[in-house]
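Chemist:
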Amino acid sequence: MPGKTKKHFGTKRQEMAHKADSLCKMKTCHFSKQEIERLLQLFKEFTKTAPNEVKRGKGGIDRTKFRDILHQHFDMTDDVLMDKVFKAFDLDNDGYVSEEEWVLGMSIFLKGAIDEQSRFCFGVYSMRGEDGYISREDMYLLLKNCLVQHQQEEDAEEMQKDLVEMALKKIDFDHDGRVSVEDYMKSVAEESLLIEALGPCLPNTKTRESFLELIADDKQKKHRF
Ligand SMILES: [Ca+2]
Ligand SMILES: [Ca+2]
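Every number in this note's numbering is 181 more than the matching position in the sequence shown, counting from 1.
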C-alpha cells in the first residue's frame, strides 16, 4: 500500500535526522547536521549490497569497500596504507566501519585540526594495537614503497636504511630510537609538512574539496556558486 510505504520512509528519515543530531553534538564532530545526513546517506549507499545484519545496524563498510572509496574519492593507491587507514577508522576493531566511525573518522580526515590529524596519521603508521610506537622496522616497511626500484639490490637496501635514519632523525623528538605519539605530534607542530612523512594517508586539497562539495548542504552550495 502506498500509504504504508510513505510512513515507513518518513520514519527512516526521522531516524537519520535523529542520528545526525546526536552526532552533530559530539565534540569531535566538525560537520553541520546536514553534512552528517549526507554522510549517512552515502554510508547507506556504500552498504547497500552488504548482508542483512549490516542493514540491521550491525557491521558497516568492510575493508574492501572502504579501499574502493579511498581509491575512488581520494586517489589513494597504496593497498598497505589504505588498509591502515581503514584500521584507523575502525575504532572498535570489529572489521567494519560503522555509521558513527564513518562520520567521526571523516570529521578528522576532512576537517580535523592539525593535532587531530597528526594523531590520526600516527595511528595509521604505528599499526595501532601493537606496542604503540613507530619502530625502525615499521618505518622501513612504510618507506619501502617510496623508493623507485634500484638496479642493484644491495644499493637499494642501503638507500632504504639511510632514508629510515633520516626520517627517524626528523620525527624521533626525544631521540630514543622509536617514535611515540608525543614525538610525532611535537615534530608536526614544529614542521607541519611532516604530517604525512611516512606515506599519504590524508586527502589532498583537490579530493578534500570535491568530497566536501559532495556532502555540502544546499545553502553552502548556493553560496559557493
Ligand atoms: Ca568498527
Ligand atoms: Ca622517541
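In this text, a Cβ means the ideal position worked out from N, Cα and C, and glycines have one as well.
Would you report the Cα separation of F255 and L349, rounded to the nearest angstrom?
Modeler: Near 28 Å, if we compare the C-alpha coordinates of L349 and F255.
Chemist: Between the stretch 207-216 and the stretch 284-295, are three or more C-beta pairs nearer than 8 Å?
Modeler: Yes, the stretch 207-216 is in contact with the stretch 284-295.
Chemist: Considering only C-alpha positions, which residue in the set G241, T258 and D343 is nearest to D446?
Modeler: Here the chain has residues from 182 to 406 only, and residue 446 is not among them.
Chemist: Taking the C-alpha atoms as reference points, what is the distance between Q335 and I376?
Modeler: The sequence given here has Glu at residue 335, not Gln. Roughly 30 Å separates the two Cα atoms.
Chemist: Since V284 and L204 are thought to touch, with beta carbons under 8 Å apart, how far apart are those beta carbons, to the nearest angstrom?
Modeler: Between L204 and V284 the Cβ distance is about 5 Å, and since that is below 8 Å, they are a contact.
Chemist: Just to confirm my understanding: we take F303, look at its own chain, exclude 5 residues before and 5 after, and list those with CB closer than 6 Å. What are they?
Modeler: Once the five neighbours on either side are set aside, the close Cβ partners of F303 are V362 and Y365.
Chemist: What do you get for G276, buried or exposed, if any count of 16 or more other CB atoms within 10 angstroms of its CB means buried?
Modeler: Exposed, by the Cβ-count rule.
Chemist: Do you know how far the Cα of I396 is from the Cα of V261?
Modeler: Straight-line Cα distance between these residues: approximately 27 Å.
Chemist: Is the beta carbon of E226 sitting closer than 8 Å to the one on A201?
Modeler: The answer is no: Cβ separation not under 8 Å.
Chemist: From this set, L393, T388 and A370, which residue's C-alpha is nearest Q253's C-alpha?
Modeler: Looking at the Cα atoms, T388 is the closest of the given residues.
Chemist: Can you tell which of M207, E196, D312 and G380 has the C-alpha that lies nearest to the C-alpha of K325?
Modeler: Checking every option, the nearest Cα to that of K325 belongs to G380.
Chemist: Helix or strand or just coil, what does DSSP make of D343?
Modeler: Residue state, collapsed to three classes: helix.
Chemist: Spatial neighbours of Y314 within its chain, please: C-beta separation below 7 Å, excluding the five flanking residues on both sides.
Modeler: The answer, listed in chain order, is S307, R359, V360 and S361.
Chemist: Any heavy atom of ligand 1 inside 7 Å of the beta-carbon of S279?
Modeler: Yes, Cβ of S279 sits closer than 7 Å to a heavy atom of ligand 1.
Chemist: Can you look up Y365 in the DSSP assignment and give me helix, strand or coil?
Modeler: Looking at Y365 - three-state DSSP - the assignment turns out to be helix.
Chemist: Would the beta-carbon of D264 be found less than 7 Å away from any heavy atom of ligand 1?
Modeler: Incorrect: D264 has no Cβ contact closer than 7 Å to ligand 1.
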